[in-house]
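First residue of the sequence shown? That's 12 in this note's numbering, and the numbers climb one at a time after it. Think of the CB as a built atom: it goes at the ideal place given N, C-alpha and C, for glycine as much as any other residue. Have a look at the structure below before the remarks.
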Amino acid sequence: MSQTTPNEEIEALRTLIAEDVTGWRKKHCLSLFDVSAEQFRAVLDVAVGLKALDLQRQMAVAWTYPRTLAMIFEKPSLRTRVSFEAGMTHLRGHAINLSSNEIGMGNRESVADVANVLSRWVDVIAARVFRHETVEELASTGTVPVINALSDKEHPIQAFADLLTLQEVAGTLGNSLKLAYVGDGNNVLHALLLACAKLGVNISAGCPEGYLPDPLYVAEAKRIAQETGAKVEIGHDPIRAVRDADAVYTDVWTSMGQEAETKERLGVFAPYQVNTTLMSHAKASAVVLHCLPAHRGEEVTTEVMDRHAPTIYEQAENRLHTQKALLMLIVGL
Ligand code: CP
Ligand code: NVA
12 MSQTTPNEEI EALRTLIAED VTGWRKKHCL SLFDVSAEQF RAVLDVAVGL
62 KALDLQRQMA VAWTYPRTLA MIFEKPSLRT RVSFEAGMTH LRGHAINLSS
112 NEIGMGNRES VADVANVLSR WVDVIAARVF RHETVEELAS TGTVPVINAL
162 SDKEHPIQAF ADLLTLQEVA GTLGNSLKLA YVGDGNNVLH ALLLACAKLG
212 VNISAGCPEG YLPDPLYVAE AKRIAQETGA KVEIGHDPIR AVRDADAVYT
262 DVWTSMGQEA ETKERLGVFA PYQVNTTLMS HAKASAVVLH CLPAHRGEEV
312 TTEVMDRHAP TIYEQAENRL HTQKALLMLI VGL
């Protein structure tokens with residue numbers, strides 16, 4: 012068997028990107044509210060092809076004219092920054108990291124001026140922001156596509172990697188799969204609710220009272236689920252959430268920007284820890300997913316984290332492949 016991807020497969024991948032039948036070209040990626048199931052699947056399909064090429068160190072899909080990504084970070088990042096930067100290098104482009112201190116967006120100059128000036132130099136802007144409205148303003152005032160690299164409301168690009176990982180683990184995505192989410196009803200859960208509903212994956216969340224996901228995301232996920240046959244369950248019971256689950260997902264109890272609430276949250280979330288007892292209610296074959304960074308001993312025990320590290324690190328790796336796919340679909344060949 013050939014060690015490298017055959018030319019026909021590379022051509023099929025190039026055609027998938029070039030023809031762009033799902034309409035990604037020049038589109039913003041601010042929220043999964045605005046991403047169709049077909050567009051979500053296109054990201055996964057292109058990512059599968061790019062991942063195979065990357066594992067063989069084949070540069071068969073890359074730009075002929077070097078493209079540029081500006082990355083604006085109002086909050087810290089390891090995965091998002093490095094996966095975007097490495098991805099742009101793979102595609103023969105370049106990424107520029109801009110911390111908010113450096114550029115003073117909304118302070119040294121307006122968001123609109125930042126968006127407009129960057130639009131004259133770069134092909135895409137990715138921004139990690141405190142207020143979701145900031146990515147919306149960058150998108151509405153600039154002239155290049157904007158990617159939400161995490162906001163207080165949603166982490167859409169995390170969901171691409173999460174669903175690719177689930178697809179790799181299970182072989183396929185659909186109504187036969189159950190993803191359980193235990194913990195804070197936050198930006199990561201919001202993206203997962205929409206992603207699972209769109210791809211027909213059952214999702215069950217267990218969150219403490221007062222920490223449920225935004226009802227707008229729950230209502231939209233339930234609306235979409237009626238069409239795709241997915242089940243969307245939101246409750247307060249972590250055991251009920253993980254019962255018979257194929258994957259158990261958790262995230263930090265205190266998100267970036269909520270540090271003042273850390274102590275209070277440690278108490279509220281203690282019964283929602285993903286530990287071996289909780290995992291005994293999921294399927295024996297269940298995997299654990301975590302967007303990272305993880306706080307061992309808080310939302311997940313060291314034991315569970317270590318046992319499931321191969322899947323969790325694969326999930327982190329998949330940030331690279333799915334974001335390369337997204338960039339390729341947005342920019343084109
Ligand atoms: N999961 C994630 O977005 O990681 P970073 O905060 O390190 O980018
Ligand atoms: N919910 C977390 C995700 C980090 C990737 C946060 O917003 O800090």
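Going by DSSP, which residues form a beta bridge with residue i?
| i | result |
| --- | --- |
| methionine 11 | Residue 11 falls outside the range modelled here, since the chain spans only 12 to 344, and no answer is possible. |
| glutamate 147 | Per DSSP, none; premise fails for glutamate 147. |
| glutamate 270 | In DSSP, glutamate 270 forms no bridge with anything. |
| asparagine 159 | Ala138 |
| lysine 242 | Looking at the DSSP assignment, lysine 242 forms no beta bridge with any residue, so it has no partner. |
Do residue i and the ligand CP come close, with the Cβ less than 6 Å from some heavy atom?
| i | result |
| --- | --- |
| serine 88 | yes |
| threonine 91 | yes |
| cysteine 40 | no |
| leucine 303 | yes |
By Cβ distance below 7 Å, which residues in the same chain neighbour residue i in space, the five residues on each side in sequence not counted?
| i | result |
| --- | --- |
| glycine 240 | Asn186 and Gly211 |
| glutamine 326 | Ala172, Asp173, Thr176 and Leu300 |
| serine 291 | none |
| arginine 276 | Trp264 and Thr265 |
| alanine 336 | Val54, Val57, Ala58 and Leu61 |
| proline 219 | His247, Val279, Phe280 and Tyr283 |
| methionine 12 | Reliability fails at methionine 12, whose pLDDT of 44 lies under 50, so the model's placement of it is uncertain and no value is given. |
| alanine 271 | none |
For the putative contact between residue i and residue j, defined by C-beta atoms under 8 Å, what is the C-beta separation to the nearest angstrom?
| i | j | result |
| --- | --- | --- |
| alanine 81 | isoleucine 136 | 5 Å |
| valine 122 | leucine 149 | 6 Å |
| valine 298 | threonine 261 | With a Cβ gap of about 12 Å, valine 298 and threonine 261 do not count as contacting. |
| leucine 64 | threonine 16 | 6 Å |
Only counting the same chain, and skipping five residues up and downstream in sequence, which positions put a Cβ closer than 6 Å to that of residue i?
| i | result |
| --- | --- |
| valine 140 | Glu85, Val146 and Ser162 |
| alanine 293 | Val253, Ala256 and Val259 |
| glutamate 19 | none |
| asparagine 159 | Leu41, Val146 and Pro167 |
| alanine 236 | Ala208 and Val243 |
| tyrosine 283 | Val193, Gly194 and Pro249 |
| alanine 191 | Ser215, Ala252, Val253, Ala256 and Val259 |
| leucine 184 | Gln178, Leu210 and Val212 |
| glycine 196 | Cys218, Tyr222, Leu223 and Pro224 |
Compute the minimum distance between the beta carbon of residue i and the heavy atoms of the ligand NVA, and state whether it is under 6 Å.
| i | result |
| --- | --- |
| asparagine 286 | no |
| methionine 82 | no |
| methionine 316 | no |
| valine 199 | yes |
| aspartate 262 | yes |
| methionine 267 | yes |
Whose CA, out of the options, lies closest to the CA of residue i?
| i | options | result |
| --- | --- | --- |
| leucine 223 | Glu244, Ala236, Val59 and Arg131 | Glu244 |
| glutamate 165 | Val128, Val229, Ser111 and Gly217 | Val229 |
| serine 296 | Arg142, Thr322, Lys233 and Glu220 | Thr322 |
| methionine 99 | Leu89, Ala73 and Val59 | Ala73 |
| methionine 339 | Ala63, Glu220, Thr16 and Asp31 | Asp31 |
| histidine 319 | Asn286, Pro219, Leu89 and Ser151 | Asn286 |
| arginine 90 | Val199, Asn329, His201 and Glu270 | Asn329 |
| phenylalanine 51 | Thr333, Ala23 and Ser94 | Thr333 |
| proline 304 | Glu272, Val199, Thr288 and Arg234 | Val199 |
| glutamate 144 | Asn108, Gly117 and Met267 | Gly117 |
| histidine 39 | Arg142, Glu314, Asp134 and Gly182 | Asp134 |
For residue i, I'd like the list of residues in its chain whose CB is within less than 8 Å of its CB, leaving aside the five on either flank, ordered along the chain.
| i | result |
| --- | --- |
| serine 130 | Ile136, Gly153, Thr154 and Val155 |
| tryptophan 132 | Thr79 and Ala81 |
| proline 77 | Arg103, Gly104 and His105 |
| phenylalanine 44 | Leu205 and Glu231 |
Looking at the ligand MN, does it come within less than 6 Å of residue i, judged from the CB to the closest heavy atom?
| i | result |
| --- | --- |
| threonine 265 | Ligands in the displayed structure: the ligand CP and the ligand NVA; the ligand MN is not one of them. |
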